[in-house]
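Numbering (the numbering used here), first residue to last: -4 to 642. C-beta atoms are modelled at their ideal positions from N, C-alpha and C, and glycine is treated no differently. Each remark here refers to the structure printed beneath this line.
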Amino acid sequence: MSEELERSATQVDHEYGASEIQVLEGLEAVRKRPGMYIGSTSESGLHHLVYEIVDNAIDEALAGYCDEITVKIGEGDVITVIDNGRGIPVDIQQQTGKPALEVVFTILHAGGKFGGGGYKVSGGLHGVGGSVVNALSEWLEVRVHKDGKIYEMKFSRGNVTQPMKVVGDTDRHGTEVVFKPDPEMFEVTEYNYDTLHTRMREEAFLNAGVRIITVDERPGKEQSDEMHYAGGIREFVTFINRNKTTVHDDVIYMVGKKEDSEAEVAFQYHDGYNETIVSFANNVHTPEGGMHEEGFKRALTSVLNAYGKKMKILKEEDKVSGEDCREGITCIISVKLTEAQFEGQTKAKLGNSEMRTLVNNLVSEKLAEYLEENPAVGRAILDKALMANRAREAARKARESIRRKTALGGAAMPDKLRDCNEVNPELTELYIVEGDSAGGSATQGRDSRFQAILPLWGKMLNVEKARADKVYGNDKLTPVITALGAGIGEEFDLSKLRYHKVIIMADADVDGAHIRTLLLTFFFRFMRPLIEQGYVYAAVPPLYKLTRGKTTRVAFDDVERERIAAELRGDNPNAKVDINRYKGLGEMDPHELWETTMDPEKRTLKRIELDDAVAADATFTVLMGEKVEPRKEFIEQNAKYAVNLDY
Ligand code: 1YM
-4 MSEELERSAT QVDHEYGASE IQVLEGLEAV RKRPGMYIGS TSESGLHHLV
46 YEIVDNAIDE ALAGYCDEIT VKIGEGDVIT VIDNGRGIPV DIQQQTGKPA
96 LEVVFTILHA GGKFGGGGYK VSGGLHGVGG SVVNALSEWL EVRVHKDGKI
146 YEMKFSRGNV TQPMKVVGDT DRHGTEVVFK PDPEMFEVTE YNYDTLHTRM
196 REEAFLNAGV RIITVDERPG KEQSDEMHYA GGIREFVTFI NRNKTTVHDD
246 VIYMVGKKED SEAEVAFQYH DGYNETIVSF ANNVHTPEGG MHEEGFKRAL
296 TSVLNAYGKK MKILKEEDKV SGEDCREGIT CIISVKLTEA QFEGQTKAKL
346 GNSEMRTLVN NLVSEKLAEY LEENPAVGRA ILDKALMANR AREAARKARE
396 SIRRKTALGG AAMPDKLRDC NEVNPELTEL YIVEGDSAGG SATQGRDSRF
446 QAILPLWGKM LNVEKARADK VYGNDKLTPV ITALGAGIGE EFDLSKLRYH
496 KVIIMADADV DGAHIRTLLL TFFFRFMRPL IEQGYVYAAV PPLYKLTRGK
546 TTRVAFDDVE RERIAAELRG DNPNAKVDIN RYKGLGEMDP HELWETTMDP
596 EKRTLKRIEL DDAVAADATF TVLMGEKVEP RKEFIEQNAK YAVNLDY
């Protein structure tokens, strides 16, 4: 059955103007395998529905007909997207004998982002997502304001429930799409305003001049924002650097075209050490980089070396490496092209080699010019690259000494590590535990066949304020690096990782949150794939212990505490139930710790997810960086989530 469906879906994909039956089967295929079309049916898929509709409005903006888009979450998590473009065409289409509007929302077009076929490009396959969103909505309504009339059409789960009709007069133009995601299709149906807002802000940065308005109308959650950046990706860089101390005032910006393609680059250095390069192709984020990033990196390195020599900042035999040139850079690269090829494991890497040439030529030419005209900026950037070069040399030596120590001693694991017996990393877990006493309980309570324990003690290094060589040589971090076995920084190699679950176990209080944040910052800056691949977890210890007579239970939050207290009392409202708050992990005996926090059958683990590297970068900068004011602000704003500060 499903094979048959797939075949008919493919047919609809390729034969535009399919029959009624095929239309239904096409949308049925979307409902059968929604993940193929929107990635997943989790929260991310739910939000993806909105992006598909917004993409159509953005395409209209790129075509030059629309400059305002509103995205609204209404009561019951109903989504409304409105633009002021030309309005989707309503005239009857030759091949199908139906209004174009109906075709847009009922025929599965080629080029779905997750299915086979090509990718959508601006000016190309217009409106591909409309039918997918329609198929996955309990209901969807569309109203088109065009040529003085309002045209309306309604659907339910992809089926027409009201054919297109004129419902009134208008003096505006544009498209309004309102839909309610089908609860039968999604694991969750509640929208997250911040998620939509962050994505819409990105769209506003990438499409200079387009005004995007986000509104949350749900009772108790009312808020709205208007985003409009005349400066486009320049303002994106300023935004990312907003809490950092910059090395020069200007954001360096360049744009160039060749035939149908366009490339835009904006960057600025700050006084930190990490590099943030965020690239896009046709407004689609390419987290794995690709040709456009390569072109930028090559050009940056060669221009800075040439300029350094010319200005005698670098000696003739000296050279700064690519990494040196990118230390502390915040850079946005955005290319637009007609036939984008996405490659890599997650289709998140741009494969078009002509983009390498385009960006390389653009940056080579324009950056050299810019540095000639702005020698103070040139000097500041080269000084920074030279400093990076020296530190990298020191770091390399420190790293080598770590490697030597590890190699010489064979399995020279840290003294404090209590390793497990199993050696297959897919089956093993490392608990990183705060404090020696909790470490002791964990060591006694664990299942030593597959659980290893590494206690941490003393003051942990804040890597956000330290240079790489200090990090490599740090006596608190070295045991972590050695125990994990996968190296660090540029040499980090996931295939050598000794445990596929790295579990941070810290107290459920502010100090615990601090330790957790310090460790996560370290992983994020120096072992990012560890987080990206989902290997890092936080253990969730209980907050309360409740005792009645010989019965003991634990609770993880206040609501659960009340529920369990009531259960323990049973029919006897006067029964005495002792409630104790755990002050820390160290208070639990080994058995309790195993039962509540370590037993895979019973424990709760939170996987640390990296949805958005830009947002995570900002959070770590604010929490762990130099500036005090933004940190205070962040903590005040997030005080009520204090325990979850780092997720
Ligand atoms: C809230 C969502 O879909 N806007 C939108 C979509 C289209 C047009 C304008 C449009 C495109 C063209 C001509 C064209 C679409 N049209 C089609 C199709 N907003 C939203 N605004 N006139 C209007 O591409 O030539 C698909 S999307 F295929 F019918 F032309």
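Express the C-alpha separation of residue j and residue i in angstroms, rounding to a whole number.
i	j	result
E364	A375	16 Å
A561	T546	13 Å
G440	L580	12 Å
A508	M500	10 Å
V183	E283	28 Å
T193	D378	35 Å
Y114	E38	Since pLDDT at Y114 reaches only 34, below the 50 mark, its modelled position is unreliable, and the value read off the structure follows with that caveat. Using only the alpha carbons, I get a separation of about 23 Å.
V210	E70	11 Å
K392	E527	28 Å
V99	G339	30 Å
G106	S329	Since pLDDT at G106 reaches only 40, below the 50 mark, its modelled position is unreliable, and no value is offered.
K93	H495	54 Å
S117	I102	Note on S117: pLDDT 39, under 50, position unreliable in the model; the coordinate value appears next. Taking the straight line from one Cα to the other gives about 19 Å.
A406	K578	Bear in mind that the predicted position of A406 carries a pLDDT of just 49, short of 50, making it too unreliable to give a figure here.
L525	R543	43 Å
I603	D464	26 Å
D220	P536	38 Å
P625	N278	30 Å
V475	G204	47 Å
R493	A461	26 Å
If you compare alpha carbons, which of the options is closest to residue i?
i	options	result
G153	V162, F445, R167, D177	D177
T646	F174, R556, G143	The first residue shown for the chain is -4 and the last is 642, placing residue 646 beyond what the model contains.
T156	E171, E136, V162, Y146	E136
E55	R81, G30, S35, A371	R81
E289	K331, E349, Y248, H280	E349
N419	N277, K392, Q89, S490	S490
H43	H287, V127, T101	V127
I459	A611, A52, I74, E254	First, the amino acid is wrong: residue 459 is Glu here, not Ile. Closest option to E459, Cα to Cα, is A611.
W134	F150, K141, V161	F150
D584	A437, A386, G125, V372	A437
P158	H287, D211, D504, L96	L96
V246	A393, L381, D266, R229	R229
E254	E334, S432, V172, G267	E334
V161	G435, I145, R167	I145
L381	G480, R351, Y248, G303	G303
G169	D78, G215, P625	D78
K622	H265, T75, I53	H265
K216	E179, Y224, Y188, H243	Y188
G317	N384, F262, G285	N384
K597	R556, V549, E628, H280	V549
S396	G373, D414, Y467	Y467
Looking at the unbroken alpha helix (DSSP H) that takes in residue i, where does it start and where does it end?
i	result
E136	Careful: E136 lies outside any alpha helix (DSSP H), inside the beta strand (DSSP E) at 132 to 141.
T190	188 to 201
D506	505 to 521
V348	The sequence given here has Ser at residue 348, not Val. From DSSP, the alpha helix (DSSP H) with S348 extends over 348 to 368.
M657	Outside the modelled stretch of the chain, which goes from -4 to 642, sits residue 657, for which no answer is possible.
P450	Per DSSP, P450 belongs to no alpha helix (DSSP H); it is in the beta strand (DSSP E), 446 to 451.
F100	95 to 101
T233	228 to 235
L563	553 to 564
P214	Careful: P214 lies outside any alpha helix (DSSP H) and carries neither H nor E.
L456	Taken as a continuous stretch (DSSP letters only), L456 belongs to no alpha helix (DSSP H), as it is neither H nor E.
How far does the beta strand (DSSP E) with residue i in it extend, from its first residue to its last?
i	result
L600	600 to 602
D78	74 to 78
M159	154 to 164
D211	206 to 211
Y577	Counting along the chain, Y577 falls outside any beta strand (DSSP E), and DSSP gives it neither H nor E.
D86	Run containing D86: none; DSSP gives neither H nor E here.
D464	Counting along the chain, D464 falls outside any beta strand (DSSP E), though it belongs to the alpha helix (DSSP H) covering 463 to 468.
Y146	144 to 151
C320	Counting along the chain, C320 falls outside any beta strand (DSSP E), though it belongs to the alpha helix (DSSP H) covering 317 to 321.
Looking at the ligand MG, does it come within less than 7 Å of residue i, judged from the CB to the closest heavy atom?
i	result
N51	As far as ligands go, the structure on display features the ligand 1YM and does not contain the ligand MG.
Measure from the C-beta of residue i to each C-beta in chain B and report whether the shortest distance is under 8 Å.
i	result
G430	No chain B appears in the structure shown, which is made up of a single protein chain.
Inset, instruction - Would you be able to state if there are at least three C-beta pairs under 8 Å between the stretch 613 to 628 and the stretch 233 to 246? - result: Contact check between the stretch 233 to 246 and the stretch 613 to 628: three or more CB pairs, one atom from each, fall below 8 Å, which counts as touching.
Inset, instruction - Determine, using beta-carbon pairs with one atom in the stretch 588 to 598 and one in the stretch 514 to 523, whether at least three such pairs fall under 8 Å. - result: Between the stretch 588 to 598 and the stretch 514 to 523, the count of Cβ pairs shorter than 8 Å is below three; the stretches do not touch.
Legend entry - Cβ contact check for the stretch 356 to 372 and the stretch 289 to 307: 3 or more pairs under 8 Å: Segments in contact, yes.
Inset, instruction - Would you check if there are 3 or more beta carbon pairs closer than 8 Å linking the stretch 412 to 428 to the stretch 445 to 459? - result: Touching, yes, given that three or more Cβ pairs across the two stretches are closer than 8 Å.
Legend entry - Meets three-Cβ-pair contact criterion under 8 Å: the stretch 321 to 331 and the stretch 268 to 280: Touching, yes.
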